[in-house]
Every structure is written in structure tokens, then in C-alpha cells.
Amino acid sequence: MKHSLQEAFNRVRAFFSQAQLDQELNEEMTSHLEMAVEENMRRGMSREEARRQALIRFGGVQQARELHRETRGLPWLDVLKQDLRFTFRTLRRDRAFSTVAVLILALGIGANIAVFSVVNTILLRPLPFRDSQQLLRIVEKDPKAGESSKTYSADATQDFQQQNRSFQSVSGYFAFTGPNNFKLSGNGQPVPATGMLIAEGFFETLGVEPSLGRGFRSEEFVHQAQPAALLSYPFWKRQFGGDRSIIGHTVDLSDKVDLNNRSVTVVGVLPETFDFGAVFSPGAKVDLFVPYIMDDFREDGNDLALVGRLKQGVTLAQAQNEADILFPQFYFAHKHPEYGKGYTAQLTGLKEYVSGKLRRSLIVLWCAVGLILLIVCVNLSNLLLARMAARSREFAMRSALGARRLRLLRQLLTESLVLAGAGALLGLSIAWAVLAYLAHQGSIALPLLSTVRIDGAALAWTMLIAVGASLVFGPAPALRISADNLQEALKDGGNGTSEGRKHDRMRSILVVTEIALACVLLVGAGLLLRSFLRVLDIDLGFEPSHAAAISVDYDDEGKAENRAAIWQEVVRRASMIPGVEAAGISDNLPMSRNRSWGIAAKGEQARADNVFTPIFVYIVSPGYLKAMGMRLLEGRDISWDDVVNNRSVVVLNETVARQLWQGKDPIGRTALAGGAEAQVIGVIADVHESSAEDNAGAQMYLPSTKQFGPEGSYLVVRSKLPPAALGTSVMKTLREMNPGQSASEFKPIQGLVDHATSPRRFFVLLVAVFAGLGLLLASLGIYGVISYSVTRQTQEIGIRMALGASERRVQLDVIGNTLRLAMIGIAVGITASVIIARLIAALLFHTAPTDPLTFSGMVVLLGCVALLAGYLPARRASQIDPMVALRTN
Amino acid sequence: MGESKLDLLQGTLDVMVLQTLESMGALHGYGIARRIEQVSGDEVLLNQGTIYASLVRLQQRGWIAAKWGTSDNNRKAKFYSITRAGQKQLARDTAYWQRLKQVMGRVLAIQGGER
């Protein structure tokens, strides 16, 4: 059909040259009529008669024009254009309504886009690695002892690498990397840098290739190898200004743990898309990567976090079966068979491992934001209904003039689509701003959050909810016109005649729905908020406020005596700084990284199950417990005497002390801790070492002596002064002692706690914002309905007041009406909330899903808001002047 | 006056226009309308205005071409002429209408008693 193609093309062309074609047609028709008139006159008609006859024969100029347009152009597009033009005109005329509607929609849709993007990033989108479904994380089956039980020794790792048949490759990273564990020197002040030690094949396993330079070579993973480093993209940009010539050059990098200063060759830069912290340690940033040399770590115990890539066609279950056979046979260390053997391994998809725990929270968030959209739709339906009442005559007129019902419906739907479209556009920009903010919140410990953005899926989602929303709120008024009787609408001129009760009821149902939805949101938010407050209320075992920590650099040449002297000097000088109440050093801080050893009570009958209990280890200086605000329950703190005399003493926490000696006084007894004997000198209250919500495990605090070496060192200072003010003087003191002290930040301990509770705070904040939004929308809805009904009943109220009803009486009536709606809504809402609350019970902390305080608080809050929303129109009603009300119509 | 006039069947106007242009050469809209009225012996109920929709349709299909010109009495008018494609189409349409005429003739000729 060649001609149909040609015709379609011509139609499109005609559509875009309307004006010219119309003009030509007009000329044609004019000359047509003139010719007809002339001919008629030639036949002897008078001019008027000739013209009349010509017009009769022509048969309607306007119809001919319409037919011409329809034939040549794209009629449906014409109609759409017409609808759009009309829509814009009406919306512009009703500017207040349009603004409110678009704003409400923008908030609802924007919130949905933002949450969808977060959900998409964390839950739905695959990890940013090639064939990421093949990637697995391998951890011990019962990870009791923090990070140490999520890791494997170098020997066990190698055994598994060699013996397994399920994996293409297995590799890992050193799990005990603290922030700023390296110091980059060279030009100017030394800069702290976070370097991740990665085992051979780590990037190959993930499928990440350097964007510049090369990856590590095998010879860089052997003892005494030429040191090499890979830079992360942001660090390369920040520290080296994105200089490509840095590849192959050396930089001075010193390791804060073994304190070797080395010149390290930069062999490559990782791609911008690779964010180690986003996947493996939320909120953390990693600046560079260096080889984990197995031979250097053989005797250090478990320190590798393992990641593997399955072979094609191997299932998780098969790999798990193999691991269940292999891991129990692995020795902790080949050189020391006496340490024993026997690991376990739980294989989990990397994606599941990273974000599985968040699934429930995110789904709740998604539902909450969905509720918001629903409330928005209900609210808009209500607004449109109210507006429809004012426009019913317009529509009646149009249908009297020949517009078919379908045409009117289409007009209404166009309007709601335009509103939703505008809302979606504004919502997108809101979401974009929110996400840009979230992506740069390093303080929120959610995985992958730094990679959040609005992508194609989010845009598709936006379209979907915008169209979906307009279909939900659009038809309400449309139903109305279809149900309306034309004549009645035309007749129903004044405000006086009461409008169909049916519509009144529909609006009331909408308001009740809105209140019920808001109720569910409020209860959900209330419960989560109370859980969060409970979490904040927990006795952490230390005082995070008024304490701050800084990473200390020093050179002890690897000797314990030197270290003791340096530590003592650092603590002595720090304590002398004005405003400092206490100071001390520890190698690890609570709620950041941790490591664990084993502990047992010497002399006690070894219990059957296991001799050693896993225990968190902290190498501390005297004064540290006080600086952290930890509470000594019994005995004494470590003293400088213990350190100087190289005494093996230990401070335990309550839980482990009770566990080891079963209620007998532990002070003075001997424990086997980390392979050495140590005398128990003190017991402290339990410290929440890994998170606020988990129970405290076993902890011990050891002095830094020959037996017990620290992993880095943090100076903790307790002071009422703000950390920023204190930071300068502390840094000055440290620089005096060691000019090579790197410029690291002075961080409040509260920051550690905030970081640990940040996921919960994040969810509570969002749900609370949504609940607030829901409440606002619901109150708008109530106000709208009541206010509208007052307007409509102006005359009625006028008559009643003329007959003697008091202002009070009128007010009470209106408010009573409001409260009736609110109560029905709340009743429905409570019923729904009880069910919903049970569903989110797993997210709650020390809070019952039926928490009476939350529920009653919600009832009071909603009641008050409803009262306020009803009071304003009620006041207006009571101020109606009967005379005016009766006269105006 | 109009009670005995024929209502135009869908699509017949297009054929009439093509045939008129084929036989008369280039004509303006009014000329075409008048010509059809005359040929049909004023039996067709033609709103002259509808001719323009037909003209634009034929033009878009490439069956006729249009050019601005001047009429006999010096009036600016658009002159339409049939194209090569239009002539082919006219031939097809003519064949179709001939067949239809025959079939209709036969069908309507069936007598009640010949069952």
C-alpha cells in the first residue's frame, strides 16, 4: 500500500502546517462562493438571492472546513491538542487549585521516586560487577565473635583455593583495616589514607579491571615483593589531580601497623564505578589497595574475608555441600597443627549478604511511600470533586452543545494526566535533590547508597506511577459527570438547592479513607520512632558524648619498651591540655572494627564443649577506660606500673567474667588470653562493642606489653570542649612529639555510635517524614470537605440562624460533623494498623506492635488535627450573617 | 426540491472527481462541483463544500495535483489535474464500479417466482 504510506506522511505534514492549509482553503472557498454568486447573478438572480443560493449549495462553510481538516490531518492528535490547550487554559484560570494539586502530586511522586531509587539500588539492581549472581561471600556458620569469625586464616584460604571444585576463583580482603591506616608522604603535610589489603585474584574474582595501568601481578603477592598499589578513582582525582603520568611512579607510603616506610609503585587506577566501601563496608571510603601477602600473615589468625565466583552451572547448594566437607578439615595454621582445625562455611550470594538484612526495612519504606501516593490520589480526587461541583454547569453546557460523554471523559483524563505529568516533573527534581544529598552522606551505613541515582528504571517507574495516579484520581469526577443528569445540572444553578447526597457521601468516604491511611502511617512511624528512642536509650557501657578520638602516628622501631614510653608520653601530654578531663590510647574503638582471640579460665575444669570462648581484644593504655567513660565495677584499671614492668594483667567485661568463673569473684584469678596467662585486675560494665542493638559479647582490655601487640592506636580524649576546638591543640601536641604525625581528623566518639545506628535513623526519619506528609494531606482533605460543605450550606445555616440557632450551636454542628468523619477514619485506621504493625514487628526494638502509647498518641494527634481542620470552617459558618446568606443567590 | 435526490455513497465522490478531471483536464473546485452536478442531471445531493475534503484526500494520495492559477473571469483559484497514479486508480475504480453495477443489476433482477 504505497499510497497509504504517502498519505500518512502527508497527513503528518499537514498537521504541522495547519495555518497555511487553512488559509489556502479559505481562499479557495471564497473564490468558490464568488464564482457561484456570479453564475447565479448571470442567471438573473438578485445579488442577495444569488448569495443565499450559493451558500445553500455549498452547505455550511464551517462544516466543510472541519471535514477538510479531519480528512487531511491527524484528527485524534487535533483533539488531543485541543484538549491540552483547553486543559492548560482551565488550569491557568484556576491557578490556586493547579498549584496545590501539582505540589501535592510532586511531593507524593517525588517521595516515591526517591524511595524507589534507593530500593532499586540496594535491593533490585544487581551488584555492579560482571555476572554478579555468581559471586558468593563465605563466612563462618555461627559468627559469634564479630569480624574474626567472618574471616579465615591465610592457610585455610589457600587450602580452600586449591581444593575446591565449585569456584572459578576465591579471593578475599584483609577484614581488619582501620580507617586511615596508611600515611602518604611526599609533597607537604603527610596525608592519611585508607588502604585495603587484598589477596591475589580479588579484582579478577569480582571482574573489576583497572581503568588505567594494570592490576597486580602474582609476583607482587610474594614475601619481600616490590611494593605496589592500585589507587581508587576518587583518591587519584583528589590526591594526584587525575594525573595519568602517576602510573609507574613511586609514592611514599607508610603503614601505621608495622610502621615501615616504603616507596610503593602505583601500578594502576581502578574504574570510577568501583566503590569498595559501598559494597563491603558501608559508609567507608577506601583510597588505595595493596597486595595481601599470605606469607606475612600466616601466623596472624583469621583475617581474610572471602569472596568467591562460582563456576558456570554450579549451584549454591552444590558449592555449599562441598564447603561443608572441606572446611572442617582445614587447619588454622599449617605450622601449628596444635592450634587445631575445623572451620565452617556458610555460602551466601554476595548481593544477599550485602543487602539481605535490609530487605524488610526497605519494603516497609516502599509501602509507606506507596501509602503516601495513595493519600495524595485520594486528596486529589477530593479536590477534583469539589472543583467539579463548580464546573458541573460548564460540562452540562458542553454536552448540551453536542460534546459526547466520552469526549468529556477524555477531557477530564487529559486534565489529570497533565496534572500528574507536571507533578512528576517537579517530583523528579525533588527526588534528584534528595538522592544527590543521600549519595554524599558517608554517615549513613547503608550499602550501595553512595551509588544511588535516578536511572532508566526509576524514570520508567515515574511514568508508571504518574499515569497510575492519574488513573486513580482522575475518574472520580468523571464518574460524577457520567452519572449526572444534564438537565438537572443546568437547572441546578444556585448554591441553594442541595446537591445530590450521593456525592456528599462519596467525598466523606474519600476523607475517611485518607484519615485511615494517615493513621496507618502514623502508627508505623510511631512504632519505629519508639524503637529508635529505645535504641538510643540503651546503656552502651561507655559515654560517647564529650569524647573524641584521633589516630596517632609514632615510630617505636617495633620494640614494646619504646612503645610503652611513647604511649605514656602521649597520654601525659594530652592530659595536660587545658580542658581535657581524661586521655588514653586503644588500638580499636567500640562500634568500629574489631578483632577477637580466645579466652579461658585457668585451673577451672574445662567444660566439654570448647575450652576457649571467643573474645574481643582491645590493647589499651591506662586512662583509656576513663576517657571512654566505661564503668569499672570491681578491681582497678591498668596502671603505667603494669606496662613498665611488663605485667600481664587483664580487665574483663561483666559477661565474660561471670561466664568464666560462674559468679565467683574473678579478681586476682588467672585467665588464658590470646595464648598467654593474664591476671584479672578489674571488671567493667558490658560495652556494646559492635552495635547498639546486639547484646554485648565477651571483651578484654590488655596493656600494650611484649605479649600483646596493638593494631594501630587511637588517642581518646574526654573533654567538655567541642572537638573542633580541642583538635588543634591535640594535633599541635602530637606534632611536637612526632613531626611526621599525619593530618587526620579528630572524630567525636558519638560519631561512631551515630554511624552504627544510622540505618535505623535513616528509616525512622523517612517514615516519620512520610507520616507527617500523610497527616498534612489528611488534614487538608478534612478541611477541604468540611469547608466545602459549609459553603454549600450557607443558606441553610443562614435560615437556621435566622430561626434562632446560636453561633455556638452552628459551630458545634460543623465540628461534630468533622469529628464523626475523623472517628470513623481512625477506627478503620486502627484496625488496619494492628495488622500492619504485626507485619513490621521484626523491625521493632523493645517495642510491642500494639504499643498503647503509640496508638493513643496517634488517636490524640489525628483527633486534634481533625478538630483544627474542622474548626476553621466552623468558625466561618458561625459568622454567617443570615441576612446576607439569604439574600445572595 | 430535494426529495428525489441521491445520497452519495461512501467513496463515490472521489471517483466522480477523478473522472471529471480525467475528462475535463485541470479544473478548480467550483468547476468540478458544477460539472458533477450537471453531468448527474442535478440528481446527486452534493454539498459543494464536501468536494474540498475529497480533493485534499486525493491530493494526499498522490492521485491529483494542484496548482494556483487564474480563472476565466480573472479570479485566483486552485486548479486540480489528475496524475499518472490517479489515472491508474481511476481505471481500477471504473472496473470495480462496472462489476458492482452488473452484480447489483443481476441481484435486483431476480424475480420472486423463479425460486
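Protein sequence lines correspond, in order, to chains A and B.
So that you can map any letter, position 315 of the first sequence is 315 in our numbering, and since no number is skipped, the others follow by simple counting.
Positions in the second sequence are counted from 1; adding 889 to them yields our numbering.
Virtual Cβ for every residue (Gly too), placed ideally from N, Cα, C.
Residue i - containing beta strand (DSSP E), residue span
{"i": "Asp-255 of chain A", "result": "250-255"}
{"i": "Met-700 of chain A", "result": "699-703"}
{"i": "Gln-346 of chain A", "result": "346-349"}
{"i": "Thr-959 of chain B", "result": "953-959"}
{"i": "Phe-176 of chain A", "result": "Counting along the chain, Phe-176 of chain A falls outside any beta strand (DSSP E), and DSSP gives it neither H nor E."}
{"i": "Leu-197 of chain A", "result": "195-198"}
{"i": "Tyr-714 of chain A", "result": "714-719"}
{"i": "Lys-183 of chain A", "result": "182-185"}
{"i": "Leu-135 of chain A", "result": "135-139"}
Whether residue i touches residue j by CB criterion (9 Å)
{"i": "Leu-306 of chain A", "j": "Ile-550 of chain A", "result": "no"}
{"i": "Ile-203 of chain A", "j": "Pro-210 of chain A", "result": "The amino acid at residue 203 of chain A is misidentified as Ile; the sequence shows Phe. Contact: yes."}
{"i": "Leu-477 of chain A", "j": "Arg-387 of chain A", "result": "Position check: residue 477 of chain A holds Pro in this sequence, whereas Leu was assumed. Cβ atoms of Pro-477 of chain A and Arg-387 of chain A: closer than 9 Å."}
{"i": "Phe-845 of chain A", "j": "Phe-532 of chain A", "result": "yes"}
{"i": "Ala-547 of chain A", "j": "Arg-718 of chain A", "result": "yes"}
{"i": "Ile-577 of chain A", "j": "Thr-344 of chain A", "result": "no"}
{"i": "Arg-165 of chain A", "j": "Glu-322 of chain A", "result": "yes"}
{"i": "Ile-782 of chain A", "j": "Thr-462 of chain A", "result": "no"}
{"i": "Val-650 of chain A", "j": "Leu-726 of chain A", "result": "no"}
{"i": "Ala-565 of chain A", "j": "Ala-574 of chain A", "result": "no"}
{"i": "Asp-159 of chain A", "j": "Leu-326 of chain A", "result": "yes"}
Residue i: first and last residue of the uninterrupted alpha helix (DSSP H) it sits in
{"i": "Leu-206 of chain A", "result": "202-206"}
{"i": "Arg-470 of chain A", "result": "As written in the sequence, residue 470 of chain A is Ser, which differs from the Arg given in the question. First-last of the alpha helix (DSSP H) with Ser-470 of chain A: 456-473."}
{"i": "Ala-547 of chain A", "result": "Note, Ala-547 of chain A: premise wrong, no alpha helix (DSSP H); beta strand (DSSP E) at 547-551."}
{"i": "Thr-30 of chain A", "result": "18-42"}
{"i": "Leu-726 of chain A", "result": "723-737"}
{"i": "Ala-869 of chain A", "result": "852-878"}
{"i": "Ala-229 of chain A", "result": "Ala-229 of chain A -> not in any alpha helix (DSSP H); beta strand (DSSP E) instead, spanning 228-231."}
{"i": "Ala-756 of chain A", "result": "749-792"}
{"i": "Leu-77 of chain A", "result": "75-93"}
{"i": "Pro-291 of chain A", "result": "Per DSSP, Pro-291 of chain A belongs to no alpha helix (DSSP H); it is in the beta strand (DSSP E), 288-291."}
Close beta carbons around residue i, own chain, < 8 Å, minus the five adjacent residues each side
{"i": "Asp-609 of chain A", "result": "The pLDDT assigned to Asp-609 of chain A is 44, lower than 50, so where the model puts this residue is not dependable, and the model offers no usable value."}
{"i": "Arg-262 of chain A", "result": "Pro-227, Asp-252, Leu-253, Ser-254, Asp-255"}
{"i": "Gly-340 of chain A", "result": "Tyr-331, Phe-332"}
{"i": "Ser-58 of chain A", "result": "In the sequence on display, residue 58 of chain A carries Phe and not Ser. Hits under 8 Å: Met-29, His-32, Leu-33, Ala-36, Ala-64."}
{"i": "Arg-298 of chain A", "result": "Ser-153, Ala-154, Asp-155, Ala-333, His-334, Lys-335"}
Spatial neighbours of residue i in its chain, beta-carbon cut-off 7 Å, leaving aside the 5 residues before and after
{"i": "Arg-607 of chain A", "result": "In this prediction, Arg-607 of chain A has a pLDDT of 46, which is less than 50 and means its spatial position is unreliable; what the coordinates show is noted afterwards. Here the set comprises nothing."}
{"i": "Glu-693 of chain A", "result": "Val-535, Phe-845"}
{"i": "Arg-309 of chain A", "result": "Gln-134, Leu-135, Phe-167, Gln-168, Ser-169, Thr-205"}
{"i": "Asn-379 of chain A", "result": "Ile-104, Glu-514, Leu-777, Leu-780, Gly-781"}
{"i": "Trp-597 of chain A", "result": "Ile-615, Val-617, Ala-673, Gly-674"}
{"i": "Val-814 of chain A", "result": "Ile-786, Val-790, Gly-870, Pro-873, Ala-874, Ala-877"}
{"i": "Val-102 of chain A", "result": "Leu-419, Ala-422, Gly-423, Leu-426"}
{"i": "Ser-218 of chain A", "result": "Glu-200"}
Sequence-distant residues of its chain with Cβ nearer than 6 Å to residue i (five each side left out)
{"i": "Ser-470 of chain A", "result": "Ser-416, Leu-417, Ala-420"}
{"i": "Gly-579 of chain A", "result": "Ser-719, Leu-721"}
{"i": "Val-918 of chain A", "result": "Look at the range of chain A in this structure, 1 to 889, and you will see that residue 918 of chain A is not part of it."}
{"i": "Arg-995 of chain B", "result": "none"}
{"i": "Ser-132 of chain A", "result": "Pro-126"}
{"i": "Ile-786 of chain A", "result": "Thr-818, Gly-870, Pro-873"}
{"i": "Ser-713 of chain A", "result": "Val-552, Ile-585, Asp-587"}
Notebook entry, point to check: Which ranges would you report for the alpha helix (DSSP H) in the segment 560-614 of chain A if only whole runs of at least 4 residues count?
Noted result: Taken in chain order, the complete alpha helix (DSSP H) segments of 4 or more residues contained in the segment 560-614 of chain A are 560-576.
Notebook entry, point to check: In chain order, which continuous runs of the alpha helix (DSSP H) of length 4 or greater are located wholly inside the segment 630-679 of chain A?
Noted result: DSSP runs (the alpha helix (DSSP H)) wholly in the segment 630-679 of chain A: 640-644, 654-661.
Next item on the list: Report the residues of the segment 33-58 of chain A with a CB closer than 9 Å to any CB of chain B, ordered along the chain.
Entry: Leu-33, Glu-34, Met-35, Ala-36, Glu-38, Glu-39, Ala-54, Arg-57, Phe-58
Margin query: If we require 3 or more residues per run, which beta strand (DSSP E) segments fall completely within the segment 294-344 of chain A?
Written below: 304-310
Next item on the list: Anything in the segment 957-970 of chain B with a Cβ closer than 8 Å to a Cβ of chain A? List those residues in chain order, please.
Entry: Ser-960, Asn-962, Arg-964, Lys-965, Ala-966, Lys-967
Item checked: Whole beta strand (DSSP E) elements within the segment 346-398 of chain A, 3-residue minimum -> 346-349
Checklist line | Chain-ordered residues of the segment 73-85 of chain A with a beta carbon less than 8 Å from chain B | finding: none
Notebook entry, point to check: the segment 361-380 of chain A: which residues have C-beta closer than 9 Å to a C-beta of chain B, in chain order?
Noted result: Residues of the segment 361-380 of chain A that bring their beta carbon within less than 9 Å of a beta carbon in chain B are absent altogether.
Item checked: Minimum length 4: unbroken alpha helix (DSSP H) runs contained in the segment 909-964 of chain B -> 918-928, 939-949
Check: Using a beta-carbon distance cut-off of less than 7 Å, what residues from the segment 918-947 of chain B approach chain A?
Finding: Within the segment 918-947 of chain B, the residues whose Cβ lies closer than 7 Å to some Cβ of chain A are Gly-918, Tyr-919, Asn-936, Gln-937, Gly-938, Thr-939, Tyr-941, Ala-942, Val-945, Arg-946, listed in chain order.
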